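Those sequence lines, one after another, are chains A and B. Residue numbering for the first sequence follows numbering that gives the first Met the number 0, starting at 0 and increasing by one per position. Residue numbering for the second sequence follows numbering that gives the first Met the number 0, starting at 0 and increasing by one per position. First comes the structure, then the notes that go with it.
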Amino acid sequence: MANIKLPKIEELSKIDHKPPQNGWMDTPAEFKQGMYCYGAKGKNLSAVDFPNARDWSPDDKDWKLPENWKEIVLEGMKERLGKYRSFHIFMDICVRCGACADKCHFFLGGGDPKNMPVLRAELLRSIYRKYFTASGKMLGKVAGARELTEDVLKELWYYYYQCTECRRCSLFCPYGIDQAEITMIGRELLNLLGLNTDWISGPVANCFIKGNHLGLEPHAIKNNIDFMLDDIETITGIKIEPTFNRKGAEILFVTPSGDLFGDPGIYTCMGYLMLFHELGLDYTWSTYASEGGNFGFFTSMEMAKRLNSKIYAEAKRLGVKWILGGECGHMWRIINQYMDTWNGPADFLEEPVSPITGTRFENAKATKMVHIIEFVADLIKHGKLKFDPGRNDQFKVTFHDSCNTARGMGIFEEPRYIIKNVCNNFYEMPENTIRERTFCCGSGSGLNAGENMELRMRGGLPRANAVRYVHERHGVNLLANVCAIDRAALPALMDYWVPGVKVAGVHELLGNALIMKGEKERTTDLRGDALPGKEGNEDA
Amino acid sequence: MSGIILLGAVSYLLFRRFYIPQVRYISLTSDYFPLFLIIGIALSGILMRYFIKVDIVSAKELIMGLLTFSPRIPEGIGVIFYIHLFLVCALFAYFPFSKLVHMAGVFLSPTRNLANNSRMKRHVNPWNYPVKVHTYEEYEDDFRGKMKTAEIPVEKE
Ligand code: SF4
Ligand code: SF4
Numbered sequence: 000m001a002n003i004k005l006p007k008i009e010e011l012s013k014i015d016h017k018p019p020q021n022g023w024m025d026t027p028a029e030f031k032q033g034m035y036c037y038g039a040k041g042k043n044l045s046a047v048d049f050p051n052a053r054d055w056s057p058d059d060k061d062w063k064l065p066e067n068w069k070e071i072v073l074e075g076m077k078e079r080l081g082k083y084r085s086f087h088i089f090m091d092i093c094v095r096c097g098a099c100a101d102k103c104h105f106f107l108g109g110g111d112p113k114n115m116p117v118l119r120a121e122l123l124r125s126i127y128r129k130y131f132t133a134s135g136k137m138l139g140k141v142a143g144a145r146e147l148t149e150d151v152l153k154e155l156w157y158y159y160y161q162c163t164e165c166r167r168c169s170l171f172c173p174y175g176i177d178q179a180e181i182t183m184i185g186r187e188l189l190n191l192l193g194l195n196t197d198w199i200s201g202p203v204a205n206c207f208i209k210g211n212h213l214g215l216e217p218h219a220i221k222n223n224i225d226f227m228l229d230d231i232e233t234i235t236g237i238k239i240e241p242t243f244n245r246k247g248a249e250i251l252f253v254t255p256s257g258d259l260f261g262d263p264g265i266y267t268c269m270g271y272l273m274l275f276h277e278l279g280l281d282y283t284w285s286t287y288a289s290e291g292g293n294f295g296f297f298t299s300m301e302m303a304k305r306l307n308s309k310i311y312a313e314a315k316r317l318g319v320k321w322i323l324g325g326e327c328g329h330m331w332r333i334i335n336q337y338m339d340t341w342n343g344p345a346d347f348l349e350e351p352v353s354p355i356t357g358t359r360f361e362n363a364k365a366t367k368m369v370h371i372i373e374f375v376a377d378l379i380k381h382g383k384l385k386f387d388p389g390r391n392d393q394f395k396v397t398f399h400d401s402c403n404t405a406r407g408m409g410i411f412e413e414p415r416y417i418i419k420n421v422c423n424n425f426y427e428m429p430e431n432t433i434r435e436r437t438f439c440c441g442s443g444s445g446l447n448a449g450e451n452m453e454l455r456m457r458g459g460l461p462r463a464n465a466v467r468y469v470h471e472r473h474g475v476n477l478l479a480n481v482c483a484i485d486r487a488a489l490p491a492l493m494d495y496w497v498p499g500v501k502v503a504g505v506h507e508l509l510g511n512a513l514i515m516k517g518e519k520e521r522t523t524d525l526r527g528d529a530l531p532g533k534e535g536n537e538d539a
Numbered sequence: 000m001s002g003i004i005l006l007g008a009v010s011y012l013l014f015r016r017f018y019i020p021q022v023r024y025i026s027l028t029s030d031y032f033p034l035f036l037i038i039g040i041a042l043s044g045i046l047m048r049y050f051i052k053v054d055i056v057s058a059k060e061l062i063m064g065l066l067t068f069s070p071r072i073p074e075g076i077g078v079i080f081y082i083h084l085f086l087v088c089a090l091f092a093y094f095p096f097s098k099l100v101h102m103a104g105v106f107l108s109p110t111r112n113l114a115n116n117s118r119m120k121r122h123v124n125p126w127n128y129p130v131k132v133h134t135y136e137e138y139e140d141d142f143r144g145k146m147k148t149a150e151i152p153v154e155k156e
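Here you go:
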């Protein structure tokens, strides 16, 4: 990481969107430092019984592929064409109209034509045509077909780990072709050859054995939360005592482990802890199901299912009634789209009912898992929470819709509703960069590593531009979100493109504003910074 | 008139394929072929209507003959009509094999025709299969000591 330098802003801002003279099939992929991640380590692949486990680097000429690698890929493709209607249709129907071309943040911020969603798909589609369609077999290149060679495989790897599976392209495609789905399958095929990245396979192995991506062992989880509790006590004077792995609790709470470690995730977590305490919620944490996120999803469907299974298994073991989920992006894509189908039916749970308001969450009737944003919006609607929004007056806030909760499942209003209740200053970014048209943070789908920082800064440029707009116009200094990857990835993006803008989860803002029974007069926010008007008399 | 509109529309489609550099870059032969075909049809149609007049009565005779399965070749139709007819036939023959059939994709695409209700309603996957998981028991075996020290409840003492 140390030897991969991130170019200066001036250099990165020069973007050429003109494609080269040569056709794309005749332009082999050039691996640019800073645009890709390290290769997976053998020990992490074998921890989850993945094939071709070995230490490997994309910089090497020899990728140590198995003898029959081509057969494996083509067999894998055949199997998936049969299994996934989406994949099969998306391989067939693109008309290369180009409507998606300038919608991908990686193309907008980088200019590499193979980052146009349509070409990203063509990389795989050309192989599909060659081996699975009559015209491709007969006409070859004229019909857009090409041989699967080692160079083609490397190209696939390079560009399928330059897609954040954000689905923005699909929104603009007249056919709804979803490159995210194609990327998922592409990555599955690569994983058949052990071609994962270090940044994804490490967390996957951790999560499988230890229960969470960060590899926090049970006592470490408890310790981290204890630190937060100490801080909460210092700030509010209130002592909170949450429970872990407690049988018979009404609710199991699952959140991404990013909330348990590091700034600014922990402030969001403090918000959860304060909220649950104030409500007197009968809930428990779990150290076994201590991960809401799922890097397995960036590997293969099967791996995602293996990791996801812990949530229901733990809910069953503890005998809870339903599950509450924290702020996360891809975690919710999985809960929304796959969890019940993979690991359900959750017939040992009850249809979720808010114990405070009595609201029945019919939208989660099958999965039995409620998003904390829905849960809290309902509380506010029923007037169950008291806020002092003035305690967020140091912030001018804008909201970044995470691709997965916004495009992936349709949560648009709830987070805004909460923010407007707990903050006095809220400004929207331009229309075509929010809600279902939101721009990706540029680091999703397991790309938030350090060694590919240039890729991340380029991919995040459209988002950063929208933030800069409200920063310059309204003085926005806080980018709120409901996603742990955002909280991990956006600070670097802001520091690079829009210095002066901080990043926070919605529940950090809620924690700041929440008036708790018996609290002392607060002088600082959850970060320990002096509240407006209280400067100079902090006691901490 | 309709022929001219058609010609205009198709020429626009062709023009953008050549002119917008990104679109040109992604285009395949199969993207140009139907456009040229349609241009050919429109051109020959316009020629017939305004310039090389074709005897419409004989042309109708030919088509009716074909439709009633008793083909006759009337006199005086002119080569241009046959060119037009050939191109139209080619388009019809090509249609089902080409990207033009992607029109149907608008309705078939799963991202367009599936309801976003999978949290509310259970959808069963016919080929869902059991996978290897790391069970709670295995987890507790790994960490029992540490859990007990941290006063986290365990199943087995
Ligand atoms: S918008 Fe859809 S049909 Fe058009 S080029 Fe992109 S993927 Fe293909
Ligand atoms: S899913 Fe997102 S990152 Fe991937 S090609 Fe589409 S717009 Fe680009």
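Here a beta-carbon is modelled for each residue, glycine too, at the ideal position from N, C-alpha and C. Fair warning: this is a prediction, and the values are worked out from it, not measured in the lab.
Under 7 Å from the C-beta of residue i: neighbouring residues of chain B
| i | result |
| --- | --- |
| Lys364 (chain A) | Met119 |
| Arg316 (chain A) | Tyr135 |
| Trp321 (chain A) | Within chain B, no residue comes near Trp321 (chain A); the closest Cβ sits about 12 Å away, beyond 7 Å. |
| Tyr287 (chain A) | Tyr135 and Tyr138 |
| Phe335 (chain A) | Note on residue identity: the sequence assigns Asn, not Phe, to residue 335 (chain A). By Cβ distance, chain B contributes Ser117 and Arg118. |
Beta-bridge partners of residue i, as assigned by DSSP
| i | result |
| --- | --- |
| Trp321 (chain A) | A:Ile250 |
| Thr397 (chain A) | A:Leu478 |
| Thr283 (chain A) | A:Leu251 |
| Phe386 (chain A) | A:Leu513 |
| Val352 (chain A) | A:Arg359 |
| Phe425 (chain A) | A:Val396 |
| Phe243 (chain A) | A:Trp284 |
Residues that residue i contacts on chain A, provided the C-beta gap is smaller than 9 Å
| i | result |
| --- | --- |
| Ile36 (chain B) | The residue you asked about is not Ile; residue 36 (chain B) is Leu in the sequence shown. What Leu36 (chain B) touches in chain A: nothing, since even the nearest Cβ is about 15 Å away. |
| Ala8 (chain B) | By Cβ distance, chain A contributes nothing, its closest Cβ being about 14 Å from Ala8 (chain B), past 9 Å. |
| His83 (chain B) | The contacting residues do not exist; His83 (chain B) stays about 26 Å from chain A at best. |
Straight-line Cα distance separating residue j from residue i
| i | j | result |
| --- | --- | --- |
| Pro109 (chain B) | Asn447 (chain A) | 29 Å |
| Glu543 (chain A) | Asp225 (chain A) | The structure shown does not extend to residue 543 (chain A), since chain A is modelled only from 0 to 539, so the question has no answer here. |
| Glu537 (chain A) | Met300 (chain A) | Model confidence at Glu537 (chain A) stands at a pLDDT of 48, short of 50, so the residue's coordinates are unreliable and nothing is read from them. |
| Met0 (chain A) | Glu450 (chain A) | Note that Met0 (chain A) scores a pLDDT of 44, beneath 50, so its modelled location is shaky; the value from the coordinates is reported in the next line. Their Cα atoms are separated by approximately 5 Å. |
| Arg145 (chain A) | Cys165 (chain A) | 27 Å |
| Glu149 (chain A) | Asn195 (chain A) | 16 Å |
| Phe14 (chain B) | Gly39 (chain B) | 15 Å |
| Lys315 (chain A) | Asp339 (chain A) | 14 Å |
| Trp284 (chain A) | Leu44 (chain A) | 29 Å |
| Thr67 (chain B) | Leu36 (chain B) | 28 Å |
| Tyr174 (chain A) | His87 (chain A) | 13 Å |
| Tyr18 (chain B) | Phe106 (chain A) | 19 Å |
| Tyr287 (chain A) | Trp55 (chain A) | 31 Å |
Chain-ordered neighbours of residue i on chain B, where CB pairs are closer than 9 Å
| i | result |
| --- | --- |
| Ile540 (chain A) | Nothing about residue 540 (chain A) can be reported from this structure: the residues present for chain A run from 0 to 539 only. |
| Ala312 (chain A) | Val132, Thr134 and Tyr135 |
| Gly141 (chain A) | Looking at the sequence provided, one finds Val at residue 141 (chain A) rather than Gly. Chain B residues near Val141 (chain A): Leu27, Thr28 and Ser29. |
Chain A residues whose Cβ lies nearer than 7 Å to that of residue i
| i | result |
| --- | --- |
| Ala149 (chain B) | Pro217, His218 and Lys221 |
| Leu107 (chain B) | Ile88 |
| Lys145 (chain B) | Glu216, Pro217 and His218 |
Residue i (DSSP reduced to helix, strand or coil)
| i | result |
| --- | --- |
| His370 (chain A) | strand |
| Val554 (chain A) | Outside the shown range of chain A, which is 0 to 539, sits residue 554 (chain A), and nothing can be said about it. |
| Arg486 (chain A) | helix |
| Thr196 (chain A) | strand |
| Gly291 (chain A) | coil |
| Phe267 (chain A) | For the sequence presented, residue 267 (chain A) should be read as Thr rather than Phe. In the structure shown, Thr267 (chain A) sits in a helix (DSSP, three-state: H, G or I). |
| Ser308 (chain A) | helix |
| Ala529 (chain A) | strand |
Contacts of residue i in chain A (Cβ-Cβ under 8 Å)
| i | result |
| --- | --- |
| Asp182 (chain B) | Because residue 182 (chain B) is not part of the residues shown, which for chain B are 0 to 156, the question remains open. |
| Pro152 (chain B) | Phe243, Asn244, Arg245 and Lys246 |
Beta-carbon neighbours of residue i, restricted to chain B and to distances below 8 Å
| i | result |
| --- | --- |
| Lys82 (chain A) | Trp126 |
Listed in chain order, which residues of the region 117-130 of chain A have Cβ atoms closer than 8 Å to some Cβ of chain B? From the region 117-130 of chain A, only Val117, Leu118 and Glu121 have a Cβ closer than 8 Å to chain B.
Output needed in chain order: residues of the region 153-164 of chain A with a Cβ under 7 Å from some Cβ in chain B. Here the close residues number zero.
Where the region 8-28 of chain B meets chain A: residues whose CB sits under 7 Å from a CB there: Taking 7 Å as the Cβ-Cβ cut-off against chain A, the residues of the region 8-28 of chain B that qualify are Ile19, Pro20, Gln21, Val22, Tyr24, Ile25, Ser26, Leu27 and Thr28.
Selection of the region 369-382 of chain A by Cβ proximity to chain B, strictly under 8 Å: If the cut-off is 8 Å between Cβ atoms, the region 369-382 of chain A has nothing near chain B.
Along the region 1-33 of chain A, where does the CB come closer than 9 Å to a CB of chain B? Name the residues. Cβ contacts with chain B: His16, Lys17, Pro18, Pro19, Gly22 and Trp23.
Chain B contacts from the region 91-116 of chain A (Cβ-Cβ distance under 8 Å): The residues in question are Asp91, Ile92, Cys93, Val94, Arg95, Cys96, Gly97, Ala100, Asp101, Pro112 and Met115.
Pull out every residue of the region 497-531 of chain A whose Cβ sits closer than 9 Å to any Cβ of chain B, in chain order. Taking 9 Å as the cut-off between beta carbons, none of the residues of the region 497-531 of chain A comes near chain B.
When you check each C-beta in the region 407-440 of chain A against every C-beta of chain D, which residues fall closer than 8 Å? Here the protein chains are A and B, and chain D is not one of them.
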